[in-house]
Amino acid sequence: MTILDQLAKHARERTEQAKRNVPLEEIKRQAQSLPKGSFAFENALRKTDIPFICECKKASPSKGLIAPEFPYLQIAKDYEAAGADCISVLTEPKWFLGRDEYLKEIASAVSIPCLRKDFTVDEYMIYEAKVLGASAVLLICSILGEEQIRSYLCICEELGISALVEAHDENEVQIARNAGARIIGVNNRNLKDFSVDTDNSRRLRAQIPRDVLFVSESGVRTAGDVAMLREIGADAVLIGETLMRAPDKKARLDELRGGIV
């Protein structure tokens, strides 16, 4: 069983526990009683220069503990002050040491859209994300079938939240396209063995129509990486560890932009 399989298995177990505490019909009622979202995450990615999705995460399966000190609210506020366009918040508790509360508090504290970064395996998690204040959810092709993704996209549409549909190879990009994804994220990290290949975005760029937003995820460490992604037509980049390890996040984000503010 790969780490990704274990992450998905644990997400299913967590969801079953959550349903015992708050049944599906109740979380659905709570989500639907909130004002419909404005697809703020998606709209934030439609700008002239390449937008940055900056990630709040304490740990990861590949790197272990990244931020022993984790003042997540301050980190999120620093990102916003530094000009981040969106914030990705890890809520997966076992390997990433995330918590739902991080997302709820961050979404309330900043004015830019937040992505719930978790391993969505059940419609319950989408309604839950809406209740927590997320403007977007992550749907990973490696752990979801095409029909599941299509169904989850319909729920997102109903709630007014965006879906970042993540692919790693040509087959998964096709699944995302067939399902009707409006945002496709190409992960440069193979979630089965955690190897990183930043050229993955270049290889898959041609497979993604220009009217679909294209986000490059993982392994983006330098202004040169960002420049390459800008050149191939990436619509946005998602950056995690590089920023999490930076003591001065504004300076690091300015550096990654290549001095473009």
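Numbering (the numbering used here), first residue to last: 18 to 278.
Glycine included, C-beta positions come from ideal geometry on N, C-alpha and C.
Every value quoted in this text rests on a predicted model; they were computed, and no experiment measured them.
{"Check": "Of the listed residues Ala263, Glu118, Arg238, nearest to glycine 275 (C-alpha basis)", "Outcome": "Arg238"}
{"Check": "C-beta neighbour in chain D for alanine 253, strict 7 angstroms", "Outcome": "The question asks about chain D, but that chain is absent: this structure has only one protein chain."}
{"Check": "Span of the alpha helix (DSSP H) around arginine 3", "Outcome": "No answer is possible for residue 3: it lies beyond the span of the chain, which begins at 18 and ends at 278."}
{"Check": "Bridge partners - alanine 98, DSSP secondary structure assignment", "Outcome": "The partner list for alanine 98 (beta bridge, DSSP) is empty, contrary to what the question assumes."}
{"Check": "Closest residue to leucine 107 among Ala263, Gln34, Glu258, Lys267 (Cα-Cα distance)", "Outcome": "Glu258"}
{"Check": "For isoleucine 129, three-class secondary structure by DSSP", "Outcome": "coil"}
{"Check": "Reduced DSSP secondary structure (H/G/I, E/B, other) of valine 106", "Outcome": "strand"}
{"Check": "Spatial distance of valine 278 from aspartate 66 (CA atoms)", "Outcome": "Low confidence applies here, because valine 278 scores a pLDDT of 40, under 50, leaving its location unreliable; read the following figure in that light. About 9 angstroms."}
{"Check": "Contacting residues, own chain, Cβ-Cβ under 7 angstroms from isoleucine 123 (five flanking each side not counted)", "Outcome": "Cys73, Tyr89, Leu90, Ala93, Ile104, Val106, Cys131"}
{"Check": "Range of the contiguous beta strand (DSSP E) that encloses valine 190", "Outcome": "Here valine 190 belongs to no beta strand (DSSP E); instead the alpha helix (DSSP H) covers 187-196."}
{"Check": "CB of leucine 246 within 7 angstroms of CB of isoleucine 70, strictly", "Outcome": "no"}
{"Check": "Residue burial classification, cysteine 171 (beta-carbon count within 10 angstroms, cutoff 16)", "Outcome": "exposed"}
{"Check": "Straight-line gap, glutamate 187 to threonine 137 (C-alpha atoms, nearest Å)", "Outcome": "21 angstroms"}
{"Check": "Glutamate 272 vs alanine 240 beta-carbon contact at 7 angstroms", "Outcome": "yes"}
{"Check": "Best match in Phe56, Lys26, Arg29, Gln34 for proximity to glycine 177 [C-alpha to C-alpha]", "Outcome": "Phe56"}
{"Check": "Cβ neighbour criterion (16 or more within 10 Å) applied to glutamate 145", "Outcome": "buried"}
{"Check": "Residues bridged to asparagine 207 (per DSSP)", "Outcome": "DSSP, once it has assigned bridges, lists no residue as partnering asparagine 207."}
{"Check": "Isoleucine 256 in three-state terms, based on DSSP", "Outcome": "strand"}
{"Check": "Closest residue to isoleucine 157 among Leu149, Tyr141, Ala198, Phe113 (Cα-Cα distance)", "Outcome": "Ala198"}
{"Check": "Three-state class that DSSP yields for glutamate 140 in the structure shown", "Outcome": "helix"}
{"Check": "Chain-order list of residues whose beta-carbon lies under 7 angstroms from that of leucine 41 (same chain, five-residue window excluded)", "Outcome": "Tyr141"}
{"Check": "Among Asp242, Pro110, Lys64, Asn217, nearest to leucine 270 - alpha-carbon criterion", "Outcome": "Asp242"}
{"Check": "CB-CB length for aspartate 139 against threonine 32, believed under 8 angstroms", "Outcome": "5 angstroms"}
{"Check": "For alanine 151 and serine 79, the rounded distance between their alpha carbons", "Outcome": "25 angstroms"}
{"Check": "Member of Thr19, Lys64, Asn60, Pro110 whose CA lies at the smallest distance from the CA of leucine 82", "Outcome": "Pro110"}
{"Check": "Backbone secondary structure at lysine 134 - three-state DSSP", "Outcome": "strand"}
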